[in-house]
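Presented below is the structure to which this report refers.
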Amino acid sequence: MTLSLGRIAGIPVRLHWSALLGAAYLAYSLGAMVSLVAAAVGVACFGLSILVHELGHALMASRCGVTTTSIDLWALGGVARLATEAPAPKAEALIAVAGPSSSALAAVICSTAWWLLPLEGIVGEIGRVMLWLAYLNTALAIFNMLPGSPLDGGRVLRAARWRLHGDRLRASREAARSGVVIGSLIVITAIVVSLRGNSQLSLLLVGFFVLGNARAEVAFADMQQRSISTQVGSLAWRFLAEFDERTTVGTMLNEVARLGQAEALIATNGDEQVGLVLLEHALRIPEEERDGTILGDIVRPFSAFPHAHSNENISDVLSALDPIEPLILLIESGGVEGIVPPTRLRNLLGI
-12 MTLSLGRIAG IPVRLHWSAL LGAAYLAYSL GAMVSLVAAA VGVACFGLSI
38 LVHELGHALM ASRCGVTTTS IDLWALGGVA RLATEAPAPK AEALIAVAGP
88 SSSALAAVIC STAWWLLPLE GIVGEIGRVM LWLAYLNTAL AIFNMLPGSP
138 LDGGRVLRAA RWRLHGDRLR ASREAARSGV VIGSLIVITA IVVSLRGNSQ
188 LSLLLVGFFV LGNARAEVAF ADMQQRSIST QVGSLAWRFL AEFDERTTVG
238 TMLNEVARLG QAEALIATNG DEQVGLVLLE HALRIPEEER DGTILGDIVR
288 PFSAFPHAHS NENISDVLSA LDPIEPLILL IESGGVEGIV PPTRLRNLLG
338 I
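Note that the working numbering numbers the sequence shown so that position 333 is 320, with each residue one more than the last.
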């Protein structure tokens, strides 16, 4: 479950429920040093610094000609989701470095504030929060520059290897395998330290996160190899069914045959196309609630999905796919011509 926080520079910002758990943990740890109010403010500021980190990626991506579809914040950090791959190794490296650079700048600002503030009273408490923020942002910048995917340092490594031998897929595999090694070392370190009596649950979770995502990126590179010669148009379902957004989910499901093999429909408001409704989302609604739920309640904007032209390869937009609900919008003449449905993509990619 995610909560929309609005848009920044036109980019949707969403908060995952797990971020609240992470915030509670940080507030508890900081609460041992300062008052509850100061701890809450400190955690909110750290959340803001993570957002700044991801905005660094997004703004640099924009300068390099790459669109950011959304920024998602969750318990272990955040992610700026890019619509396409970086066009060149230099752009890849610049986009990757922009995030840790933003965190490093935040650390400098916070440490300077701590140095300037007196140590006593309420102001001193603010200073301790600034020192805590400086420490976390420094750790965030350094950790993210470790040379393995999915970390930013892994993106820099991929850019370097891509520039060296000119093979993007090979570079992706190399960076992901480095991430597997780094994730494994973090997990082993956390276990060893914990066995010696100093619990490192958070470090263990981070290690498993890096390890799991690195393995996924190795598999992802293999998917890219399978999809590199498959064009979007060859898998697309054209002429999507349209329903008024005020139509109930129950009514739509009674006419589900209109969808064909698209597994989605376009919700409209008069002559305007509002967005896309996935059949999977509609089917998740309990039967007793379907007649009281309209399509407008579950519609998603077209900008939430990666898009491509019919002559582009699937591999060109693979990085922007949601692995849980993969879908590509087919865009022709400035409008939505069709989609590559989730089932067809899963069959091609083996997911």
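Yeah, the Cβ is synthetic: ideal placement off N, Cα and C, and Gly gets one too.
Hey, residue i and residue j are a contact pair by Cβ (cut 8 Å); roughly how many whole angstroms apart?
i, j, result
"GLY29", "VAL116", "4 Å"
"LEU263", "GLY325", "Not really, about 11 Å apart at Cβ, beyond 8 Å."
"ILE(-5)", "LEU35", "Not confirmed; about 11 Å, so no contact."
"LEU63", "LEU192", "7 Å"
"LEU60", "LEU2", "5 Å"
"GLU112", "SER22", "6 Å"
"GLU250", "PRO329", "6 Å"
"ALA67", "HIS44", "4 Å"
Roughly how many angstroms lie between the CA atoms of residue i and residue j, to the nearest whole one?
i, j, result
"TRP224", "SER57", "26 Å"
"ILE311", "LEU332", "11 Å"
"SER98", "LEU118", "6 Å"
"GLY220", "GLN212", "18 Å"
"ARG160", "GLU204", "7 Å"
"ASN298", "ALA162", "29 Å"
"LEU240", "LEU252", "11 Å"
"ILE318", "HIS268", "23 Å"
"LEU188", "ALA94", "25 Å"
Could you please give me the residues that DSSP links to residue i through a beta bridge?
i, result
"VAL0", "ILE58"
"ASP231", "THR255"
"GLU319", "GLY322"
"ARG(-6)", "PRO(-1)"
"ILE281", "THR235"
"LEU263", "ILE253, ARG287"
"ALA307", "According to DSSP, which records beta bridges pairwise, ALA307 is partnered with nothing at all."
"THR(-11)", "HIS3"
"ALA295", "LEU317"
"VAL327", "ILE315"
"ASN300", "GLN218"
Check your understanding: Any contact of the segment 235 to 245 with the segment 279 to 297, i.e. 3+ C-beta pairs under 8 Å?
Key -> Yes, since at least three Cβ pairs between the segment 235 to 245 and the segment 279 to 297 fall closer than 8 Å, the two stretches touch.
Review point. For the segment 46 to 129, which segments carrying the beta strand (DSSP E) assignment without a break, of at least 3 residues, lie completely within its bounds, in sequence order?
Key: Runs found: 55 to 61, 64 to 69.
Check your understanding: Is the segment 164 to 179 touching the segment 130 to 148 in the sense that three or more CB pairs, one from each, lie closer than 8 Å?
Key -> As far as the Cβ criterion goes, the segment 130 to 148 touches the segment 164 to 179, which means the pair count is three or higher.
Practice item. Mind the definition here: the segment 73 to 91 touches the segment 123 to 137 only if three or more C-beta pairs lie below 8 Å; say whether that holds. Key: Touching, yes, given that three or more Cβ pairs across the two stretches are closer than 8 Å.
Point to revise | Length at least 4, wholly inside the segment 1 to 29: the alpha helix (DSSP H) runs in chain order | key: Taking only runs of at least 4 residues, the alpha helix (DSSP H) segments lying wholly in the segment 1 to 29 are 5 to 17.
Exercise for review: Check whether the segment 41 to 56 touches the segment 98 to 112, taking contact to mean three or more Cβ pairs, one atom from each stretch, closer than 8 Å.
Suggested key: The way I'd put it, the segment 41 to 56 doesn't touch the segment 98 to 112; fewer than three beta-carbon pairs between them come closer than 8 Å.
**Study point:** Stretch pair the segment 67 to 78 + the segment 304 to 320: three plus CB contacts closer than 8 Å
**Key:** Three or more Cβ pairs closer than 8 Å define a contact, and the segment 67 to 78 meets that threshold against the segment 304 to 320.
**Study point:** Every unbroken alpha helix (DSSP H) inside the segment 149 to 234 [4 residues or more]
**Key:** Runs found: 155 to 182, 188 to 214, 219 to 222.
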